[in-house]
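Data block below; observations after.
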Amino acid sequence: MERKIIGLFVLVALLAACNGKSKIEADILIVNGEVYDGVETMPQSLSIAIKGDTIVWVGDQNDKEVVATKTIDAKGLIVSPGFIDPHTHATNDLDNSKHSHNKPFLFQGVTTVTVGNDGSSPYPLAEYRDKCQELGVGTNVVALVGHGTIRKQVMGESDRKASKEELAQMQQLMQQELDAGAFGMSTGLFYAPGSYATTNEVVALAGVVAKNNGIYDTHMRDESTYSIGLIPAVQETIEIGERANIPVHISHIKCLGVDVWKQSDSIIKIVEEAQDKGIHVTANQYPYDASATSLKAAVVPRWAESGGTDSLFIRFQDAELRKQILKQTQTNIARRGGPEKLLVIQAPDTLLQGKNLLEIAQDLEKKPEEAVFDILKQGYIKIASFNMNPYDIENFMVRPWVVTGSDGGSGHPRKYGTFPYKYREFVKERNVLDFASFINQSSSKTAKILKLSKRGVLKEGHYADIIIFDPNTFTDRANYLDAFQFAEGLIYSIINGKLSIEEGEFTEKLNGRMLKK
Ligand SMILES: [Zn+2]
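Take a look at the structure:
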């Protein structure tokens with residue numbers, strides 16, 4: 001009996017202590033900011049305390065006494081989870097000591113990037129991870145395993161069905177790469193060699209990923225009318241999700257080219273019906289009306305390049321094949337809106353940069369489809385292809401299952417501008433999207449899709465990936481003629497509890513981590 005009374009007394013004393021101001025110690029304390037936590041639909045007045053790499057307290061400043069080494073006064077500023085980019089082409093920046101800071105993304109407020117999209121990934125992943133880790137990375141990195149990369153290892157560039165043995169070998173390599181820390185697989189079914197794979201092959205590999213609790217990310221077989229068509233490509237994606245029992249994520253969702261404009265309504269209906277059936281379908285989107293890809297992938301028929309670029313030019317020397325190739329190339333150019341809609345943004349001959357295919361053809365006094373093969377002889381040519389309709393862009397953007405993804409690679413402004421551009425254009429100027437939806441679609445929703453734990457939400461116990469920006473000045477600076485301008489208006493970026501951007505300046509600290517599933 002006596003013991004019970006003493007126990008009660010201790011409990012009452014504890015409760016009393018909790019009601020009073022308890023004290024915590026922190027490395028960084030953020031006060032006075034307008035906080036979007038990544039989940040809520042309205043901003044809140046909250047303070048955030050960070051210790052080590054973790055958010056240790058979120059709450060009302062008056063409730064707690066926090067002793068912090070550094071206090072950031074965020075008055076008039078937005079405090080948000082660091083942005084998470086589910087689709088980038090930063091692979092070759094991150095294992096390069098000159099670029100592993102990842103500043104193009106960092107200045108947009110991105111604290112985590114994904115690599116290995118579109119079916120192409122660094123291989124072997126374990127080696128890549130070690131190298132990046134050793135150099136240090138400016139943002140966190142999530143890796144996916146590229147289906148095309150695995151297929152190439154086993155089957156080269158060959159345009160045929162995989163044999164049973166080859167499929168088993170691919171499954172084994174898939175497991176090896178997942179064991180190295182990948183969060184899932186990606187496909188580039190539009191590109192060679194991914195385009196040579198059947199749906200069954202993809203399902204068999206996705207099955208391995210599903211067993212590892214990973215995700216399926218895809219650049220679909222067709223975003224236009226190249227092969228099976230846009231809507232059948234969405235249906236194929238959903239079929240893969242259903243048969244392999246895996247969450248599927250459509251990368252850079254779009255209606256590419258006049259032939260498929262306004263199909264967003266049908267696609268949304270198909271996706272939401274699948275969701276109602278319990279299939280996890282989501283998508284990411286960049287907010288620009290031009291896509292970017294290689295000139296070869298955009299306009300050269302896939303069969304013509306089977307075996308690689310050398311094989312393409314061998315076929316091109318054959319008069320009969322040449323006629324067919326040129327005819328289909330002409331069709332592909334028309335599909336993308338004509339030669340004037342294809343702007344060269346990267347080429348070995350830098351004089352071509354900033355010119356469209358029509359201008360280049362005129363300079364060469366050739367037809368556009370002929371000019372393509374003239375300039376492809378130089379090597380890799382990248383184009384911005386203006387092929388999207390604003391109706392579809394906005395239609396997709398406002399869906400709760402569509403998140404922000406840059407698809408950022410060199411030459412297109414999206415690498416330096418996606419997140420602030422979306423904010424400036426679609427939140428601030430045109431009111432297509434409300435502020436909280438923009439934040440949530442750039443943080444917590446993306447973390448959930450990638451199955452990234454303890455990131456994307458400002459919450460006690462989560463990693464401290466936090467950005468602070470000025471809503472009046474946060475903006476992109478990159479455009480098609482100068483795609484290499486850092487974004488502005490980001491005042492602080494904190495990654496894993498450490499300052500990467502302070503008072504708008506890069507701290508030269510590489511605070512990112514190679515994340516492991
Ligand atoms: Zn892609």
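If you use full-length UniProt numbering, the sequence shown closes out at 517, no skipped numbers anywhere.
No residue lacks a Cβ here, since even glycine has one placed at the ideal position from N, Cα and C.
Predicted model, so just to flag it, every value in this text is computed and none were measured.
Whole-angstrom C-beta distance between residue j and residue i, which should lie under 8 Å
i           : j           : result
residue 426 : residue 397 : 6 Å
residue 213 : residue 403 : Between residue 403 and residue 213 the Cβ distance is about 20 Å, and since that is not below 8 Å, they are no contact.
residue 304 : residue 295 : Between residue 295 and residue 304 the Cβ distance is about 13 Å, and since that is not below 8 Å, they are no contact.
residue 406 : residue 93  : The Cβ separation is near 13 Å, so there is no contact.
residue 31  : residue 74  : 7 Å
residue 238 : residue 206 : 12 Å between Cβ atoms; not a contact.
Collapsed DSSP secondary structure at residue i in the structure displayed
i           : result
residue 112 : strand
residue 492 : strand
residue 334 : helix
residue 383 : strand
residue 546 : In the structure as shown, the chain starts at 1 and stops at 517, and residue 546 therefore has no counterpart that could be examined.
residue 65  : strand
residue 359 : helix
residue 258 : helix
residue 26  : strand
residue 277 : coil
residue 407 : coil
residue 498 : strand
residue 157 : coil
residue 474 : coil
residue 16  : Confidence is the limiting factor: at residue 16 the pLDDT is only 42, short of 50, which leaves the residue's position unreliable, though a coordinate-based value still follows. It is helical.
residue 509 : coil
residue 485 : coil
residue 284 : strand
residue 469 : strand
residue 71  : strand
residue 178 : helix
residue 310 : helix
residue 11  : Legend: pLDDT at residue 11 = 47, less than 50; position of this residue unreliable, no value from coordinates given.
residue 34  : strand
residue 504 : coil
residue 392 : helix
residue 88  : strand
residue 253 : coil
residue 423 : helix
residue 44  : strand
Endpoints, the alpha helix (DSSP H) within which residue i is located
i           : result
residue 133 : 125–135
residue 79  : Residue 79 -> not in any alpha helix (DSSP H); beta strand (DSSP E) instead, spanning 78–81.
residue 449 : 444–450
residue 301 : Here residue 301 belongs to no alpha helix (DSSP H), and DSSP marks it neither H nor E.
residue 162 : Per DSSP, residue 162 belongs to no alpha helix (DSSP H) and is neither H nor E.
Straight-line Cα distance separating residue j from residue i
i           : j           : result
residue 34  : residue 81  : 12 Å
residue 351 : residue 375 : 12 Å
residue 409 : residue 145 : 18 Å
residue 476 : residue 163 : 48 Å
residue 12  : residue 462 : Interpretation of residue 12 is limited by its pLDDT of 44, a score under 50 that renders its predicted location unreliable; the figure taken from the coordinates is listed afterwards. Going from the Cα of residue 12 to the Cα of residue 462 covers about 31 Å.
residue 119 : residue 91  : 13 Å
residue 456 : residue 400 : 16 Å
residue 105 : residue 318 : 45 Å
residue 349 : residue 272 : 46 Å
residue 235 : residue 242 : 10 Å
residue 208 : residue 127 : 22 Å
residue 358 : residue 170 : 42 Å
residue 103 : residue 320 : 49 Å
residue 485 : residue 478 : 5 Å
residue 47  : residue 132 : 34 Å
residue 315 : residue 158 : 16 Å
residue 268 : residue 64  : 46 Å
residue 452 : residue 377 : 42 Å
residue 19  : residue 44  : Only weak support exists for where residue 19 lies, its pLDDT of 48 falling under 50; the coordinates are left without a value.
residue 307 : residue 194 : 13 Å
residue 460 : residue 274 : 34 Å
Start-to-end residues for the beta strand (DSSP E) that takes in residue i
i           : result
residue 219 : 215–219
residue 248 : 248–250
residue 59  : 54–59
residue 207 : Careful: residue 207 lies outside any beta strand (DSSP E), inside the alpha helix (DSSP H) at 199–211.
residue 293 : 290–294
residue 520 : Nothing can be reported for residue 520: it is not among the residues displayed for the chain, which extend from 1 to 517.
residue 184 : 184–188
residue 352 : No beta strand (DSSP E) contains residue 352, which DSSP labels as neither H nor E.
contact_flag[the stretch 427–436, the stretch 290–302] where n(CB pairs < 8 Å) is 3 or more: Fewer than three pairs of CB atoms, one per stretch, sit closer than 8 Å, so the stretch 427–436 makes no contact with the stretch 290–302.
Contact between the stretch 442–454 and the stretch 487–498 (3+ Cβ pairs under 8 Å): With the cut-off at 8 Å, the stretch 442–454 and the stretch 487–498 do not touch.
Cβ pair count under 8 Å reaching 3, the stretch 328–343 against the stretch 383–395: By the Cβ criterion, the stretch 328–343 is in contact with the stretch 383–395, since at least three pairs of Cβ atoms, one from each stretch, lie closer than 8 Å.
Three or more C-beta pairs below 8 Å linking the stretch 216–225 and the stretch 180–196: Because the criterion of three Cβ pairs below 8 Å is met, the stretch 216–225 and the stretch 180–196 touch.
Touch test, the stretch 223–233 against the stretch 355–370, Cβ-Cβ under 8 Å, three pairs minimum: Contact between the stretch 223–233 and the stretch 355–370 is absent: fewer than 3 CB-CB pairs across the two stretches fall below 8 Å.
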